[in-house]
Structures are given as structure tokens and as C-alpha cells.
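Its first residue numbered 3, the sequence shown is counted upward by one per residue in this note's numbering.
The beta-carbon is built from N, C-alpha and C at its ideal position, and this holds for glycine as well.
Bear in mind the structure is a predicted one, so any value in this text is a computation, not a measurement.
Encoded as C-alpha cells, the structure appears first; notes follow it.
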Amino acid sequence: MMKKRSIPASKASLVLFLCQMISALDVPLDSKLLEELLQPPTITRQSPKDYIVDPRENIVIQCEAKGKPPPSFSWTRNGTHFDIDKDAQVTMKPNSGTLVINIMNGGKAEAYEGIYQCTARNERGAAISNNIVVRPSRSPLWTKERLEPNQVREGDSLVLHCRPPVGLPPPIIFWMDNAFQRLPQSERVSQGLNGDLYFSNVQPEDTREDYICYARFNHTQTIQQKQPISVKVFSMDSLNDTIAANLSDTDIYGAKPVTQRQPVLLTPTGSTSTKVELRGNVLLLECIAAGIPTPVIRWIKEGGELPANRTFFENFKKTLKIIDVSEADSGNYKCIARNTLGSAHHVISVTVKAAPYWITAPRNLVLSPGEDGTLICRANGNPKPNINWLANGVPIAIAPEDPSRRVDGDTIIFSHVQERSSSVYQCNASNEYGYLLANAFVNVLAEPPRILTPANKLYQVIADSPALLDCAYFGSPKPEIEWFKGVKGSTLHGNEYVFHDNGTLEIPVAQKDSTGTYTCVARNELGKIQNEVQLEVKDPTVIIKQPEYKVIQRYGQVSFECIIKHDSTLLPAVIWLKDHDELPDDERFLVGKDNLTIMNVTDKDDGTYTCIVNTTLDSVSASAVLTVVAAPPTPAIIYARPNPPFDLELTGQLERSIELSWIPGDENNSPITNFVIEYEDGLHEPGVWHYQTEVPGTQTTVQLKLSPYVNYSFRVIAVNEIGRSQPSEPSEQYLTKSANPDENPSNVQGIGSEPDNLVITWKSLKGFQSNGPGLQYKVSWRQKDVDDEWTSVIVANVSKYIVSGTPTFVPYEIKVQALNDLGYAPEPSEVIGHSGEDLPMVAPGNVQVHVINSTLAKVHWDPVPVKTVRGHLQGYKVYYWKIQSLSRRSRRHVEKKILTFRGNKTFGMLPGLEPYSSYKLNVRVVNGKGEGPASPDKVFKTPEGVPSSPSFLKITNPTLDSLTLEWGSPTHPNGVLTSYILKFQPINNTHELGPLVEIRIPANESSLILKNLNYSTRYKFYFNAQTSVGSGSQITEEAVTIMDEGKEDWKKEIVNGSRSFFVLKGLTPGTAYKVRVGAEGLSGFRSSEDVFETGPAMASRQVDIATQGWFIGLMCAVALLILILLIVCFIRRNKGGKYPVKEKEDAHADPEIQPMKEDDGTFGEYSDAEDHKPLKKGSRTPSDRTVKKEDSDDSLVDYGEGVNGQFNEDGSFIGQYSGKKEKEPAEGNESSEAPSPVNAMNSFV
């Protein structure tokens, strides 16, 4: 839940001005308008702050600016005015502030070394450049020194010092020999960051006299060479021989052999050191160690992890490189040198400082007279930078007073400005590591309205699609915009129109009657202007007969239709595609006006064919699949795929082309239609074959185009109507020379992942596209429409670069250029990207709800301003939830429902509402980052609806002429119940329905006794509830009144107590019966009774079975089977076979489960006809207290467990009965005891 925060009174005015600043004027980028409006100067180009120049060439110090009127330029040098008219060597370019210092005609660069600053001034203010420090580059010679030969013992460490001369900028160091070949480096021998050459341990092969250190000065394109250094390594064997020759036999001599040594750090020295680096720079840390075996270097950060994706290891892991460092990278970094004998370590304490960087740079402000605004300048750094303001290049403290201006720290507040308030302000943020300088002007304009959209511009759209009519305008104060239809029409308003802040009129769903003339009127206090535009709404293009799925035999003919209907004023163009690509260039494909015909169909014609219809305003398409099946086979000829070509030969080798020839293999009765040539790049992707080209089957040579820096091998595949051959054997390899890249990376995109960054991604070039070694990318970007310089960085062969510290969601121009060791690719095209999105700032306003019916409502809202979306507008989300039902006062938690409306839609429908309920809703805007704040909750109510069916209907207490009905109120009343409607009718023995009776019952009743019914009669009931809206769905039930006991005599049967069922025979179909079952035991007599109804009589037809064919056939089959069984038994008996004992036992069942004879006074137990297993004595059967009707009169009645009962002396049953109809599960109790009158008799229920 959001919390409200109060604003202190001291800050209220600041917040007010900030809000008004947002509403400042935006000047359209219209060239004609910009030429006419007065504008203070803006610096558009300047030389870098640290400007190192070549002392042999003319010095050009750039300073370009724009403004109206065009600005004049002046310069200062070392803080004082620089009078260029007094120096013949210095000139200023026409219409520019750029200085050209002539060095090539006698001038000396050193004489013009200093700090320069440019000022561009017109009547509206003055803008200043950065302080440009001009220094000529220096490439001094090496000081002469005498170098002694280095004699070192095998296994010792060695450092060869370079000590290059101090140049400007510092030189690039590398080691070479006399043949200008780079000296090989490894884990044992490597160059340090200071240029020295380090040997962890020397070996005899290190002996040489031409270790030469070179220093390359890029600015002057010169290379300086140090005198060669000699190194001689003495092996242990040669050293022992020398000692032995100079000593007597009695002396003890001999050098120790090379032994293993623990690691010792050569650089840095000591156990700890410190390093300071600036934010955004590259951090380089180095550790080089001596030892045998050569130590391996490992890096860790104490108390943390090395930053992922920004950490690299160079110089055989001796150098740790972290790019784009930030304050979070400060800490202790430990290098550990380890070999088999031990380890050594060094801790480098890194502190990351920061030169000033922008948080919010001041931006130009265009105001109308009397308006308010602010300039904000916020920067950060380590240490925190100081903020200083200047006005027209002069410190604001001593600048001319302006009553409309007030400085509050990093903010200048303007109130009630006038035209004389126009000025250029400079913000300077500085600390000990650097400074930032930004110009931002305040331009106060009083201009009558201007409409920039051309007059009578024609707009054409398709019916039922949006129409956008432009009215680009400018004026100061900001004009109000109105739209009219026709010359004398009324002002347009309502939900069918959307009015955008830039003056555009949007008709979301344009209809044919929307065609006509629309007038845009712009007015402010200085004037009024209008412009007319035309709108034409066209009929959509429709494919009225689409192509259909076809199956065709090979060599047949097939046709696809594509008949269209279109607007008569639009000219359609029909294009056919196969598998989403152009049709094959084959004369068999005939494209007609409304169809596509394929002659002599082959297997390769199998695929999806698409008809695309394009007009200048819309496009439609339809597709169909063609399946080609084989024609009936011809046995006389066997067709097969061709054999592979052979004897491949390469001739005419050039840098970018070569000729390939081959001999075709056997075509196997099917002519070769074409050859496919593939290539393998053994340098970049060995083992992977790529498609190169294909030629007709009559051609056996081809001139192939080649790419640079690829090691080619070729193979050829023959193709006929049956298929493709196996590939030929590869040709010999051919390696092409390196060259500049021919192309740049594709799919360049700029999408921010955070509100303050821009993630630039691209699809990297493949290996063969690099055209040479050392593939890299030059990534360039600048903010669009701000006249910024391109910022560029060269990155390794990666596919992503992140620009930090960007404003939230602003457009950037982006380009990515490939380069390799030989040079750059052609200039790349620019793409537009956006920095990261942030959550929307404001909620939609003016939320309105229109309830359409009891389950549907329509919600409207005003769109949020585009600037507050702070991202790509994805749509709006409507959250709505039920508060309570108006017919029930109880509250319960209901989850919120969410509906999303894509795009800039300002209304939506809310379906599935519950009638007669109270709801709340709010609306939120959504961008790529997420949802903005919610609008205030809006409450609305739905009207009554029809109720649901009653929750239940029970019919109880049947008598001769009455039934009792009980019911529950509807689960969803959906309103105030007014009454219940009861309808019922009798059902006779043939299930025919009698007359229908209807009764209206008050809504507060929950039961009813129906009287004066017929006895022993089945009734069907229909029951539903009503509200003021209408009747709800009904619930049905059936019930039977009991029979008249006074007219019928009871029939009685005595059943053995061990049985649990009895079959009632001789019953009349379609008749209601009452059954009573009683049991007599030690506790007395108990009974229960129930009512059931027999089914209707079924008509039967007597058939003489003996005359039926199926019966005669069955009897014959049985006789034959008996005869076969007799023969088999006879054969087995003659062989001496005997029956198993188990079969004999099964032939004589357990006598305990056999029925007893009647003269024993006992009865046999019942065995189920399905499984033929006897019931155990004393078992209880489940009871469902119902008597089920079967299809025949001899149906079995299900028996269930009843209450224990006793017999009266006269043998009659006494007890109670129950009306339950549901069958209960069996208890499953068993007993091995003999049955007793108490538990042996189960009652009917």
C-alpha cells in the first residue's frame, strides 16, 4: 500500500517549479522554423580537453556553434584574451570559431602550448567551450648508455630493463631481435607493464646478443630503438668444467646442479602495495614471479568475487585486467604464485576514485514570457564534486542581476521570466580528478501560433483501422488545439476521437463516413491559425477464394486459386511464395491473374504456397500445402540417385575467385538436373560444410567467388529427380589472403536493461566474415536530437556493450563497425535504440464506468502523457474485484481480476460480473519495465439478474394424498427474491405426463405440504425462484404417494433366518407396492417397510426356438465337441493316465457348505449366481434401504442390514420402517458362530 508523504513548506516552491519545468515548450525539429526563431548560442563541436598535436603539422583547435542570429567567436589563452589579429600564424575559419595555427610555414608548436577556451556569443547570450589543453607530442631519443653483457647461471631469474624515454603520450613498448622478429614469450619469459623483460628462470636457449627494446610513438609515427642487450647463460656442466680446470686435485670444487626453487615475486616487491584508479578506466594489476618449476599465477579478491564479465587475464595470467571499474571494485586483490615447492603472494590495495560524472546535466529551456522553470545540474564523483554556475561565461556571483533568477545549490529557479531573461548558463562540476562543463540556455520566446503540417495533406487508411491526422504546431505561449470536421463543422469531441499532445487527431476506428475535410485550429494570446487536411477511408482487401490443399502425382499439373476483392481506387499486387521464399525461376511455374499453375510437377515442388496481396495501404495472405506423391512405378527402368562426382580440380587461383572442375558420376537412368557446390573453412570451422552455389547439370566447371582469410576445400553433390548423390571427395585446400572486413555486424540493437544504461547488442561476424586476424568492433553512440558528438569504444570479438549513466528512455543513434588487423569495414548504417525504461510516473485519470447489464460493464480512462510513461507503452491494466453482494451482507475475500488492454487504448469491457453486487476497480499504465501507480479506486454496482436454481429440493413424508416439499434458497440470488414457482404433473404407468399445475409461493417460505393428491401415483415437480428481472433455472424431482392400505390385503411369506433376500413374484406392472420385513430375536420383534413401483409391462413375442437356424447350428457344434472329448478321454485312459487328486477333490465339494435336507430341519445357504461362492455363516450384507425395479417381473430385491427384531406369537412382524433410498456400504463383519434369530434375519429397507 502506497504511503502519502507531506512536503515541507520550504520545498513547496521548488516542487512547483519542477512541475512547471516539465511543461516547458518543445521546439519541433523543423528546419524552416529553426531558421526563423531567435536562439542563444550552442556549442556543437570542440576539440578534446587534452589535445595532443603533431608538432610537424598545423594545429587545428575546433570550436563550432549554432544560434540565431549566428554567433561571433573569441578565444582566451592561459586565462587572458587571445588576439588572433596580432599573430600572423593564427587564422580563424569563416563562419566558425575554429583556429588554424600555421606550423608548416615557420611556426613552432611549442610556442602555442597552453590552455585555450572558446566563447560563442550573440544577442541572446554566450556559450563557452571546455578548457582545451594543447600540447605537442614528443618522441625523444634514447639516452646513450653502456650496456654490460648479462652473464647468468642456468635457473636464475633475470630482468632486462627497457627504461624508454619519457614521451607524450607514453610510447608502446615491445621486444624484438636484429631480424625485427618479436621475441617469443611464455609463462617463463614475459614483458611487464613497465616494458621490462622478465625471466622467471633462464635456460641455455636464452643465450643471445640481440635483445632489443623498441618504443613506438604513435602521434609522430616514429620508433626508437635501445642498444642490443647481450645475455649469456652458463649451464652447470660447463661451469663445473671451468672450475675444474683452474683448481688442483686437492681442492673442493663443483657448482651445484640446477635445483627446484620456491616462488619469489620479481614485481611488485614486498608483501603489500597500493594502487589508485579512476572510475570507468581499465584496472591493470601485475605479478611476475621467479622459481623452478616456473610458478603459476592465481588472482583472488579478498572478501569478494572478481567481477563477472569484466575480468580478463593477460600475459599468461600475470596481469589482472578489470574493465570499466567502479567504486565497488575497491578492495584488496591478492596474487598467488605457486609451484610444487610452495607459494608466494602479494596484496594490492586498490582504491577507485572518480572524476565528476553527470547524474542530471542541465538541459535547454524554452519558456514563454511570464512562465516559470528550472535548470538542474547534478553530478557525482569521488570526492564529491563542487558545483559552480556561470552566466554567459561569467561567474554568476558577478554576472548582471536578473530578478527572475534565483540560485539554490545545483538548481537555478526562474520565475515570471521576460524576454530579457534569455541567457546561456554554464554548470561546472569539478574535483581533483577532473571537471565537467555543460552549457544550457534559457530562451524566452513570444511567438504567435504556427502550423507546420502542409496544407491539404491527404491521408488514406483502410476501414476499421486507426487514422492519425497530423497538426504539428509551435507557438509561445503554447497554443491550444481544436479540430473540426468540414468547413463549418462543430468542435470534435467524445470517445470516438483521441486528441494527442502534439496536435495529432486520432480516429481509433475509421469508417467510410469518416471520409472528409478536417480543420485544425491553433490559437494563443498572440494569434490564431488554421490548416485543413483530407481523409479518405478505403475498403479492405479480402481474399474471397483462398488456395486449397492439393495432392498431385509426380509429373502431373496443379493449380492454386487466389481470387480477391479490393477497393476500386487501390491497385493490388499479387505475389506467390514457396516455403516463404520466392518462386523458383522455372518456366513450369505459370502465374495468372487469379491463380498459380505448376506444370510437370516434381518432388521438389512439394511445400507450402502462399498468395500475398499488397496494396499501398494493406496486405493479406493465404497459404495451402502441395503434397507430391509418386506416379505408378514403371518396372522396366530402375531409377536411382546419381553417383557422386569425382576428380575435383582447382585452377585459376586468384585472391577473390577460383575455378573448380569435376567429372560427373553415373546418373542412374535419371538425368542430372544440377550440381550443388559446398565448401569447408578449415581455418575457422573445420568439419562443417556450407552451401556455396549450384549450377545446371550440363555444366562441369564453375567460377567461385572467395572471401579473404579462409582455408577453402570444396566438394560437389549431383542432383536428379530421385534425389542427391553422396558428396564427392574434397578438393585440395586453398588459403586466401587477409583483407579489411567487407561487412559490419547485423541485427544491431540498443535496449536498456536498467533505467540508467543502454545495452548495445549485435550479431557477431562469423569466422570467415572477419577477412583477417584480430577481429574487433568499434561501437559508437550518441543521443539523438541533442547534437552530441559520437562516443566510440573498440571492444574484442564480443556481441554486447553496456553504456552506463544514460538518461531514462531517450533515443540513441548507434552504429557498430567491424575491424581487424588490416583495417576497418565500410562505414556502418545507423540504428535507433533507447536507453533503459523505468516504471511509469502517473496513473490514468478521469476513470469512468458505464454498467451495460448485470454481468457486463465498460470502463473509460484518459491516456497518460507520453513523457510520464518513461518507456514503450504496452497498454493499460484494469484491476477489478467484488466488494460484496447486495443481496447478502456478508463480506468475503475475493481475488482481484486483471484485464490488459494493449496499446494506447482508453476503454475496455469488463465481462463475467456477478449481478446485484458492488465492485471496485482501478487502472494502471504498463510499459516494458512494469506497471505504474494505480488510479483512485472507482466503485460501481451491477443491477439485479435472474437467480440460480434452488440449492436443493427434498420430498418427504409421503401419504395417501399428500407430499411434503422442502427446499433451499438459491446459492446465487442475483437480486431480491420475489417468489418461488412450483409446477407439477402426474406420470402414469406408461410414463406419460398428465396436466401441469402451477403454484406461486412467497419468497420467505422454505417448505410446503401438497394435499389432495392421488394415492399410489408418481408426480414430477419443477421448482425455480424469481426476482424482479425474471425466473431462474429450475430444479426437478419425482415422488410417489403411498397406496391405500384399506383397499388391499397384506400377503405374508415366511423366510429362513439365514437368508438375506426374497423374490416377489406375480406382481402387476406399473403398480406401487408397500413391503414390510420383520425379524424376531431375543430382543423382540423389529420391522421396517418401504414403497416401490414395478416397471411397465414389456411386450413379448413367442418364437419356436427349435425352428431357428442359430439354435440348430449351436446344437451341432455341441454334439461335435462332446464326441471329440470322449475320444480324447478314451485315448488317455488307454495310456494309463489318471486324474489329479485336486480334480477329484473339486468334484466333491465341502460337505459343510452343501444345502441340508429338509428333513434335517435346516435350509441350505444361498450362493451368488455370479461367482458361485457360498456365503459364510453369520455374514451381514449391505443395505441401501431401497427396492430396485428390474427389467423382468422375477427381479431380485437387494437386501440390506436392518434392525434386530422378534416375531410375535402369531408370527407377524412388528417394528419401524425407514424411508432412506441411498445404498450404504457393507460393514464387512463376519462371524463363525451359528446363526441366531437376532443376527440371521436381515430386513428389507
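Task: contact_flag[the region 143-160, the region 191-204] where n(CB pairs < 8 Å) is 3 or more - done: yes
TODO: Kindly list the residues whose CB is nearer than 6 Å to the CB of VAL718, restricted to its own chain and excluding five residues on each side of it in sequence; keep chain order.
DONE: PRO647, TRP664, PHE677, ILE679, SER730
TODO: Using a threshold of 8 Å, state whether the C-beta atoms of SER71 and ALA111 are closer than that.
DONE: Correcting the residue identity first, residue 71 is Pro in this sequence and not Ser. No, Cβ-Cβ distance for PRO71 and ALA111 is not below 8 Å.
Task: Cα-Cα separation, LYS1054 to SER981 - done: 48 Å
Open item on the list: So, with DSSP's three-state summary, where would you put ARG300?
Closed with: strand
Open item on the list: Measuring only the C-alpha atoms, how far is PHE176 from ILE231?
Closed with: 14 Å
Open item on the list: Since VAL298 and ARG340 should fall inside the 8 Å C-beta cutoff, what is the C-beta to C-beta distance between them, to a whole number of angstroms?
Closed with: 6 Å
Task: ASP208 versus LYS707: straight-line alpha-carbon distance, rounded - done: 47 Å
Open item on the list: If distances are taken between C-alpha atoms only, which option among SER1009, TYR551, PRO945, TYR611 comes closest to ILE854?
Closed with: PRO945
Open item on the list: Using the Cβ count rule (16 or more neighbours within 10 Å means buried), how would you classify PRO138?
Closed with: buried
- [ ] Taking THR629 as part of the beta strand (DSSP E), name the residues at either end of that continuous run.
- [x] 621-631
Open item on the list: Using a 10 Å radius around the Cβ and a threshold of 16 neighbouring Cβ atoms, would you call LYS2 buried or exposed?
Closed with: For residue 2 there is no data in the structure shown, the boundaries of the chain being 3 and 1247.
Open item on the list: Please tell me whether ALA512 and PRO542 are closer than 8 Å, where the distance is taken between their beta carbons.
Closed with: no
Open item on the list: I'd like to check one pair, PRO949 with THR857: are the Cβ atoms closer than 8 Å?
Closed with: no
Task: SER727, buried or exposed, once every other Cβ within 10 Å from all chains shown has been counted against 16 - done: buried
TODO: Give a yes or no on whether the C-beta atoms belonging to VAL266 and ASN152 are separated by under 8 Å.
DONE: no
TODO: Measure the CB-CB distance between ASN924 and HIS874 and report whether it falls below 8 Å.
DONE: no
- [ ] Can you have a look at VAL168 and say buried or exposed, based on whether 16 or more other CB atoms are within 10 angstroms of its CB?
- [x] exposed
Task: Opening and closing residue of the alpha helix (DSSP H) in which VAL352 lies - done: Note, VAL352: premise wrong, no alpha helix (DSSP H); beta strand (DSSP E) at 344-362.
Open item on the list: Quick check for students: name the residue ranges of the alpha helix (DSSP H) that lie wholly in the region 544-589, counting only runs of 4 or more.
Closed with: none
- [ ] Consult DSSP for THR653 and reduce its assignment to one of helix, strand or coil.
- [x] strand
Task: Distance CB(VAL603)-CB(LEU662) smaller than 8 Å - done: no
TODO: Would you mind working out which of TYR921, LEU955, SER953, ASN445 sits nearest LYS943, comparing C-alpha positions?
DONE: TYR921
Task: the region 734-753 touching the region 819-831, judged by at least three CB pairs closer than 8 Å - done: yes
TODO: Give the single residue among SER423, LEU573, ASN382, SER417 whose Cα lies nearest to the Cα of ALA401.
DONE: SER423
Task: Endpoints, the beta strand (DSSP E) within which VAL861 is located - done: 858-864
Open item on the list: Considering Cα atoms alone, identify which of VAL354, LEU195, ALA381 is closest to ASN317.
Closed with: LEU195
- [ ] Buried or exposed for PHE443, please, with buried defined as at least 16 other CB atoms from any protein chain shown within 10 angstroms of its CB.
- [x] buried
Open item on the list: Using the three-state DSSP reduction, which class does CYS1118 fall into: helix, strand or coil?
Closed with: helix
TODO: Tell me whether SER1185 is buried or exposed, calling it buried when 16 or more other Cβ atoms sit within 10 Å of its Cβ.
DONE: With a pLDDT of 36 at SER1185, under the threshold of 50, the modelled position of that residue is not reliable, and the figure given next carries that caveat. Its Cβ being crowded by 16 or more others within 10 Å, SER1185 is buried.
Task: Beta-carbon gap between LEU1 and ILE1037 smaller than 8 Å - done: With the chain covering 3 to 1247 only, the question about residue 1 has no answer from this structure.
Open item on the list: Using 8 Å for Cβ pairs, my map puts TYR475 next to GLY505. What's the rounded Cβ distance?
Closed with: 5 Å
Task: Validate contact between the region 800-809 and the region 761-768 using beta carbons, cut 8 Å, 3 pairs - done: yes
Task: Unbroken stretches of the beta strand (DSSP E), 3 residues or longer, contained in the region 45-89 - done: 52-55, 61-63, 65-70, 74-79
Task: Closest Cα partner of VAL463 within the set SER887, LEU619, GLU37, ALA1119 - done: LEU619
Task: Closest residue to VAL844 among VAL927, THR571, ILE614 (Cα-Cα distance) - done: VAL927
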